[in-house]
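Asks: Before I ask anything, let me first share the structure, which is written out below as structure tokens.
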Amino acid sequence: MPFTDDVRSRLQAGPAPSDPVRLPARRFVDHSFYLAERAEVIGKTWLLAGRVDEIARPGLYMTWEKTVVPLLIVHAVDDVIRCFYNSCRHRGAPVVRVPRGRNRALRCQYHSWTYDTSGKLVSVPDERDFVDLHREERSLVPVACEVANNAIFVNEDPATDLQGWFGGVAPEVAGIESGGLRTLDQRSVTLPVNWKRVVGNLLAAPPVPPRPGVDAPAVTAADVEQLDGGHLRVVAPFDGAAARALGLAGPLDWAAVEDDGLPSVPGLNDMLRSTSTTYVFFPNLFVTFTPSGVLNLAAWPRDEETTLLEATWLAPDWGEEDSPAGHPAWSVRIRWAQDRLDAVAAALEGAQDEMKEPARQGLSLQDDCEAVRLWNETLDARLGDTVPADSLTGAAPGEVRSPLPG
Ligand code: FES
């Protein structure tokens, strides 16, 4: 049976009861907990760093510091996308200081050590002054980097290759030709709150982007399933009114609907076209499909109480034509993305300080927060015994209050 039939069956049956989730306050405020996340999760996971269209030609490069660690991503002259720590092998200065540029060689501004785009040290001024300098031992330090459908992923310490990390999501999205997508709009907001609160907010109310003619579609209770690799699939059917406005007979009548007047993303199945479906790639990437565009939301922990939340709209490549960003439907979506970022910021205002109050023991989430529970338990499993037991999901009494927007 196709997995979409399983999803529909569960939606017809209605949500199964689940236990309330208790999240100790300590996991949101403790610096050592953040350091463990940095070491065991962020530093060992494939992370979406951008798209090839951002460095489309050989010689183009971009710096990338979303995880605070300075990295350098290069479209090398042999047409391979590579990633390095942006740290010179002489005295550690940044090799590249401008966020984007183009050059066939990477020259450190300090003392002009120069590297080629494969990371090899190729030139050292006054080389004879350096005793025992072996250039081959001073290449830029590489970071694992793979490209899938024109998306660039990096991983400081991979346990699997990128396809292995995709896990159970891979077969479900294999038919989608996302390689032909291009960045249409990107915007971000920096929030003074722990990244798990941001992730929790998104998990409890995944994005429901507007569709042409339906600016604010409503959805019914979602089906949540955890897939191999710890990733989640969250399928929210539109309610009756929104479904009918999209030309569907009802919330569970899934068909090959398209967005009026906009080119389609090739390969989407009917469920992705007819619902608001989000795949949550553990730990920080939310990918929501519409027939004519894909929304990526990513939450980047900067420290234990600062998060960068980024929204990126991808659309089918428009070639040499003008960007479709000015199309009325895309204008609505871009404005909606900004509103969504602003709404998360508003919902979490003051949330970090609340967690520091001495009386605050933690959070109790309502029983409709299955996705939040699954995500936090996956995080705990990755952290293992590197964090105190009393900071793990369910370990402490919580408060009877949801931190999530109603
Ligand atoms: S630190 Fe880069 S050349 Fe000296």
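Start counting at 1 in the sequence shown, then tack on 1153, and there's your number in the numbering used here.
For glycine and all other residues, C-beta sits at the position ideal for the given N, C-alpha and C.
Applying the 10 Å Cβ sphere with the 16-neighbour rule, what's the burial state of residue 1505?
Replies: Within the sequence shown, the letter at position 352 stands for residue 1505. So residue 1505 ends up on the buried side.
Asks: Can you give the Cα-Cα distance for residue 1294 and residue 1219, rounded to whole angstroms?
Replies: What you label residue 1294 is simply residue 141 of the sequence shown in a count that begins at 1. What you label residue 1219 is simply residue 66 of the sequence shown in a count that begins at 1. In a straight line, the C-alpha of residue 1294 is about 18 Å away from that of residue 1219.
Asks: Which residues are close to the ligand FES, meaning CB closer than 5 Å to any heavy atom, in chain order?
Replies: Here the list is 1241, 1243, 1244, 1246, 1261, 1263, 1264, 1266.
Asks: Within 8 Å, do at least three Cβ pairs link the region 1459 to 1473 to the region 1340 to 1348?
Replies: yes
Asks: From 1441, 1234, 1454, pick the residue whose C-alpha is nearest to that of residue 1329; which is it?
Replies: Within the sequence shown, the letter at position 176 stands for residue 1329. Cα-wise, what sits closest to residue 1329 is 1441.
Asks: For the region 1378 to 1427, which segments carrying the alpha helix (DSSP H) assignment without a break, of at least 4 residues, lie completely within its bounds, in sequence order?
Replies: 1393 to 1398, 1423 to 1427
Asks: Please determine if the region 1469 to 1488 and the region 1212 to 1227 are in contact, where contact requires at least 3 C-beta pairs separated by less than 8 Å.
Replies: no
Asks: How many Å lie between residue 1477 and residue 1409 at the Cα?
Replies: The residue given as residue 1477 occupies position 324 in the sequence shown. The residue given as residue 1409 occupies position 256 in the sequence shown. If I take the Cα positions, the gap works out to 22 Å.
Asks: If residue 1450 sits next to residue 1355, beta carbons under 8 Å apart, how far is it from one beta carbon to the other, in whole angstroms?
Replies: In the sequence shown, residue 1450 corresponds to position 297, counting from 1. In the sequence shown, residue 1355 corresponds to position 202, counting from 1. Confirmed, Cβ separation roughly 6 Å.
Asks: Measuring alpha carbon to alpha carbon, tell me which residue in 1279, 1397, 1433 is nearest residue 1357.
Replies: Within the sequence shown, residue 1357 is the residue found at index 204, counting from 1. Looking at the Cα atoms, 1433 is the closest of the given residues.
Asks: Buried or exposed, going by whether 16 or more other CB atoms sit within 10 Å of the CB of residue 1418?
Replies: The residue labelled residue 1418 in the question sits at position 265 within the sequence shown. Under a 10 Å Cβ-count criterion, residue 1418 is classified as buried, with 16 or more other Cβ atoms of the shown protein chains found around its own Cβ.
Asks: Relative to the alpha-carbon of residue 1496, which residue among 1275, 1309, 1360, 1292 has its alpha-carbon at the smallest distance?
Replies: As a working mapping, residue 1496 is identified with position 343 in the sequence shown. Checked all of 1275, 1309, 1360, 1292; the closest Cα to residue 1496 is 1360.
Asks: Pull up the distance between the alpha-carbon of residue 1351 and that of residue 1508, whole angstroms please.
Replies: Reading the sequence shown from its first residue, position 198 is the one you call residue 1351. Reading the sequence shown from its first residue, position 355 is the one you call residue 1508. Computed Cα separation, rounded: 14 Å.
Asks: Go ahead and label residue 1279 buried or exposed: buried means 16 or more other beta carbons lie within 10 angstroms of its beta carbon, across all protein chains shown.
Replies: Within the sequence shown, residue 1279 is the residue found at index 126, counting from 1. Exposed.
Asks: From 1228, 1472, 1413, pick the residue whose C-alpha is nearest to that of residue 1298; which is it?
Replies: Here the question's residue 1298 lines up with position 145 in the sequence shown. When each option's Cα is compared against that of residue 1298, the closest is 1228.
Asks: Which residue wins for smallest C-alpha separation from residue 1373, given the options 1382, 1389, 1444, 1474?
Replies: The count along the sequence shown starts at 1 and reaches residue 1373 at position 220. Of the listed residues, the one whose Cα sits closest to residue 1373 is 1389.
Asks: What is the DSSP secondary structure of residue 1449, reduced to helix, strand or coil?
Replies: In the sequence shown, the residue the question calls residue 1449 occupies position 296. DSSP places residue 1449 in strand when its eight states are reduced to three.
Asks: DSSP state of residue 1495, grouped into three classes?
Replies: Numbered from 1 along the sequence shown, position 342 holds the residue referred to as residue 1495. Helix at residue 1495.
Asks: Is there contact between the region 1533 to 1546 and the region 1188 to 1201, where contact requires at least three CB pairs shorter than 8 Å?
Replies: yes
Asks: Excluding the 5 residues preceding and the 5 following residue 1560 in the sequence, name in chain order all residues of the same chain whose CB lies nearer than 7 Å to its CB.
Replies: Nothing in the structure corresponds to residue 1560, since the chain is present only between 1154 and 1559.
Asks: Taking the continuous beta strand (DSSP E) assigned at residue 1515, which residues delimit it?
Replies: For the purposes of this step, residue 1515 is taken as residue 362 along the sequence shown, with counting starting at 1. Start and end: 1515 to 1518.
Asks: Kindly indicate the opening and closing residues of the beta strand (DSSP E) around residue 1202.
Replies: Working through the sequence shown from its first residue, we reach residue 1202 at position 49. 1200 to 1204 is the extent of the beta strand (DSSP E) around residue 1202.
Asks: Apply the 10 Å Cβ neighbour rule to residue 1202 and answer buried if 16 or more other Cβ atoms are within range, or exposed otherwise.
Replies: Against the sequence shown, residue 1202 aligns to sequence position 49. Counting other Cβ atoms within 10 Å of its Cβ, residue 1202 reaches 16 or more and is therefore classed as buried.
Asks: Exposed or buried, what is residue 1204 when buried is set at 16 or more other beta-carbons lying within 10 Å of its beta-carbon?
Replies: The residue you call residue 1204 lines up with position 51 of the sequence shown. The residue in question, residue 1204, is buried, as its Cβ has 16 or more Cβ neighbours within 10 Å.
Asks: Flag residue 1346 as yes when its Cβ comes closer than 7 Å to any non-hydrogen atom of the ligand MG, and as no otherwise.
Replies: Ligands present in the displayed structure are limited to the ligand FES, and the ligand MG is not among them.
Asks: Is the beta carbon of residue 1382 sitting closer than 8 Å to the one on residue 1446?
Replies: To locate residue 1382, count along the sequence shown from 1; it is residue 229. To locate residue 1446, count along the sequence shown from 1; it is residue 293. Not closer than 8 Å, so no.
Asks: Since I believe residue 1177 is in contact with residue 1514 (beta carbons under 8 Å), could you give me their beta-carbon distance rounded to a whole number of angstroms?
Replies: Position 361 of the sequence shown holds residue 1514. Position 24 of the sequence shown holds residue 1177. About 7 Å separates the two Cβ atoms, so the contact holds.
Asks: Kindly indicate the opening and closing residues of the beta strand (DSSP E) around residue 1466.
Replies: Indexing the sequence shown from 1 puts residue 1466 at position 313. Its beta strand (DSSP E) spans residues 1459 to 1469.
Asks: Please name the residue, chosen from 1287, 1174, 1164, 1385, that lies closest to residue 1516 on a Cα-to-Cα basis.
Replies: Within the sequence shown, the letter at position 363 stands for residue 1516. Nearest C-alpha to residue 1516: 1174.
Asks: Going by the DSSP bridge assignment, what does residue 1308 pair with across the sheet?
Replies: Here residue 1308 corresponds to residue number 155 of the sequence shown, with the count starting at 1. Answer by DSSP bridge pairing, in chain order: 1297.
Asks: In chain order, what residues of the same chain have a beta carbon less than 6 Å from the beta carbon of residue 1288, not counting five sequence neighbours either side?
Replies: The residue given as residue 1288 occupies position 135 in the sequence shown. Excluding residues within five positions, the ones whose Cβ falls inside 6 Å are 1274.
Asks: Would you list, in sequence order, the uninterrupted alpha helix (DSSP H) runs of no fewer than 4 residues that lie entirely inside the region 1307 to 1341?
Replies: 1315 to 1319, 1322 to 1326
Asks: Would you give the residue range spanned by the beta strand (DSSP E) that residue 1158 belongs to?
Replies: Taking the first residue of the sequence shown as position 1, residue 1158 is located at position 5. First-last for residue 1158: 1156 to 1166, but that is the alpha helix (DSSP H), not the beta strand (DSSP E).
Asks: Specify, as a first and last residue, the run of the beta strand (DSSP E) that residue 1560 falls within.
Replies: In the structure as shown, the chain begins at 1154 and stops at 1559. Residue 1560 is therefore absent and cannot be evaluated.
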